[in-house]
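Have a look at the structure below before the remarks.
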Amino acid sequence: MAAATLHRLMLAGEAVLYLLLGALLVGRFGWAVQQAVGLAMLLAVLGRTLIIATTFAFSRAYAAAPPAGLAIGAGRGIVMALRELAAFCLLFSVVMPFERFFMAADRVGRAEGGRLPVLLVHGYQCNRGFWFELRGRIARAGWQVGTISLAPVFNDIDAYVELLARRIDEVCAAAGTERLILVGHSMGGLVSRAYLRAHGNAKVAKLVTLGSPHHGSRLAVMGPGRNARQMIPGSDWLAGLNAPGAVPLPAATVSIYSCQDNYVMPQDSSLLEGAKVVPLAGLGHLEMAFSPEVERVLLAELSAT
8 MAAATLHRLM LAGEAVLYLL LGALLVGRFG WAVQQAVGLA MLLAVLGRTL
58 IIATTFAFSR AYAAAPPAGL AIGAGRGIVM ALRELAAFCL LFSVVMPFER
108 FFMAADRVGR AEGGRLPVLL VHGYQCNRGF WFELRGRIAR AGWQVGTISL
158 APVFNDIDAY VELLARRIDE VCAAAGTERL ILVGHSMGGL VSRAYLRAHG
208 NAKVAKLVTL GSPHHGSRLA VMGPGRNARQ MIPGSDWLAG LNAPGAVPLP
258 AATVSIYSCQ DNYVMPQDSS LLEGAKVVPL AGLGHLEMAF SPEVERVLLA
308 ELSAT
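Numbering (my numbering), first residue to last: 8 to 312.
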């Protein structure tokens, strides 16, 4: 099943429950329709708030100490949580279920000025709609940008490798280059590394990961699917991926992560041997797709390729 289908089914099921509840309240208890609609909206917000609150509770329980100067106070933490909630609602309830309406087909043209094309690889339970804001920002900065949707949504991570390999060939052919830059968010960074393990780094000039659980995440125990189990810290799959010499990383490899990430925990799971590490403060996991700071750092890394 594709991620968009999954999220549409979940939204439809939620809508049916609200309709049944509203019919009961209006028909049996005499509520006004406006009251029932208001309650449904409140429940929708509260449910999503509970999900994000749970991720931050896990994040706090399994937090890694941030580098010096990157701790944040309670006020900044609350603002970060609200931004993360907004990103979650927008991505999972609006954009990704209906990504065809928000994401036009990729228009990868010939690369110019020595710039290599960029391929964006999304994470767990997501699709290319995750990049609907950041793709445009990167393109407006003068880069040729491609995306990919990994499906089925709960597949083995290694099963995504050939999908990615084909998309890499397509983007390189469209741009007229032999190599490109891979940018992977969350599980997308692991898929990119799995590709490198299987195919080598001849076609990848640079790898940039954003909030990727290179050593797993404690939160993965709550996720369905084989890919979630593979991201549990200590899994056999991660042990194989992180074995010495298993993955021929490009010489230019960068791991950008948030010291307060609410999906990857402990947060230092994003540290990757052989990679340049760029720690950021006060950013949620999904918020990275909209963050001006992430955009600034990412564009600087692209330009340094």
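Virtual Cβ for every residue (Gly too), placed ideally from N, Cα, C.
DSSP-derived helix/strand/coil call for residue i
i: residue 158; result: coil
i: residue 104; result: helix
i: residue 271; result: coil
i: residue 285; result: strand
i: residue 190; result: strand
i: residue 170; result: helix
i: residue 32; result: helix
i: residue 12; result: helix
i: residue 181; result: helix
i: residue 209; result: coil
Residue i versus residue j: straight-line alpha-carbon distance, rounded
i: residue 170; j: residue 233; result: 17 Å
i: residue 144; j: residue 35; result: 51 Å
i: residue 254; j: residue 173; result: 19 Å
i: residue 48; j: residue 89; result: 17 Å
i: residue 29; j: residue 40; result: 8 Å
i: residue 269; j: residue 71; result: 11 Å
i: residue 155; j: residue 31; result: 43 Å
i: residue 257; j: residue 214; result: 7 Å
i: residue 166; j: residue 235; result: 13 Å
i: residue 312; j: residue 259; result: 7 Å
i: residue 46; j: residue 84; result: 28 Å
i: residue 153; j: residue 37; result: 53 Å
i: residue 305; j: residue 18; result: 33 Å
i: residue 250; j: residue 231; result: 25 Å
i: residue 341; j: residue 63; result: The shown model of the chain, from 8 to 312, leaves out residue 341, and the question about it has no answer.
i: residue 247; j: residue 309; result: 29 Å
Cβ shell of residue i (< 7 Å), same chain only, five flanking positions each side left out
i: residue 103; result: 10, 11, 14, 133, 134, 136 and 137
i: residue 96; result: 55
i: residue 297; result: 94 and 140
i: residue 202; result: 168, 171 and 172
Buried/exposed call for residue i, threshold 16 Cβ in 10 Å
i: residue 61; result: exposed
i: residue 289; result: buried
i: residue 86; result: exposed
i: residue 58; result: exposed
i: residue 182; result: buried
i: residue 76; result: exposed
i: residue 113; result: buried
Beta-carbon contacts of residue i that lie in its chain and below 6 Å, excluding the five residues immediately before and after
i: residue 205; result: 168
i: residue 220; result: 238, 271 and 276
i: residue 295; result: 217, 218 and 301
Beta-ladder partner(s) of residue i, from DSSP
i: residue 66; result: Beta-bridge pairing links residue 66 to no other residue.
i: residue 264; result: 286
i: residue 153; result: 126
Spatial neighbours of residue i in its chain, beta-carbon cut-off 8 Å, leaving aside the 5 residues before and after
i: residue 223; result: 238, 239, 240, 241, 242, 245 and 276
i: residue 316; result: This structure gives no information on residue 316, because the portion of the chain shown stretches from 8 to 312.
i: residue 198; result: 128, 157, 164, 167, 168, 171 and 191
i: residue 118; result: 124, 151, 182, 183 and 184
Residue i: CB within 7 Å of a non-hydrogen atom of the ligand PLP
i: residue 243; result: Among the ligands in the structure shown, none appear at all, so the ligand PLP cannot be discussed.
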